[in-house]
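First residue of the sequence shown: 1, per full-length UniProt numbering; consecutive thereafter. C-beta: ideal position from N, C-alpha, C; glycine also. Keep in mind the model is a prediction, meaning the values are calculated, not measured. Step one of this worksheet: look at the structure below.
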Amino acid sequence: MDYKKLLKELNITIIWVKQPLENGAWYCPNATNLGKNGVIFIFSGLEEHEITEKVIHEIGHYKTGSTIFPHSIPNVHVKNEGKARRFTLKQYLLEYLDSDIDYSMMSISGFLDYFGLDKDFYWDDAVKIWNEF
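Set out below in structure tokens:
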């Protein structure tokens with residue numbers, strides 16, 4: 001998945017940080033002086049597949065209008081994280097369905113494994129999204 005192309009299309013800047021961030025990345029929509037539609041800060045010590053997952057997730061906050069701020073109340077935080085998580089899964093699923101894998105061999109488990117996504121974290125949402133397609 002080409003997250004760099006998405007960032008360019010959406011006019012979102014990525015800033016690499018050396019210090020680990022909670023959850024690996026953070027989208028800041030109000031940093032319009034650094035990027036027209038904000039900035040994604042991301043920990044530079046992540047593996048490439050983790051970077052892709054984190055950036056797509058943060059783009060999900062932008063695309064779904066579900067930005068989280070430090071002062072967000074917990075239930076809003078949970079709801080907004082869910083929106084970004086489902087956006088992430090939909091992007092991955094579109095790529096999976098477009099792959100060379102025989103449709104008869106496709107499964108939810110295979111889908112999550114294909115991208116190295118954590119089954120414990122994504123399973124419930126993956127089942128819902130899988131059934132939507």
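Nearest to G24 by alpha-carbon distance, out of K54, V76, G116, is K54. Under DSSP, F43 takes part in a beta bridge, and its partners are V17. Annotated as proximal: L7 and I14, with beta-carbon spacing under 7 Å. Collapsing the DSSP output to three states places A126 in a helix. If you ignore the 5 residues before and after L21, its C-beta comes within less than 8 Å of the C-beta of F41, I42, F43, all in its own chain and listed in chain order.
Under DSSP, A25 forms a beta bridge with I42.
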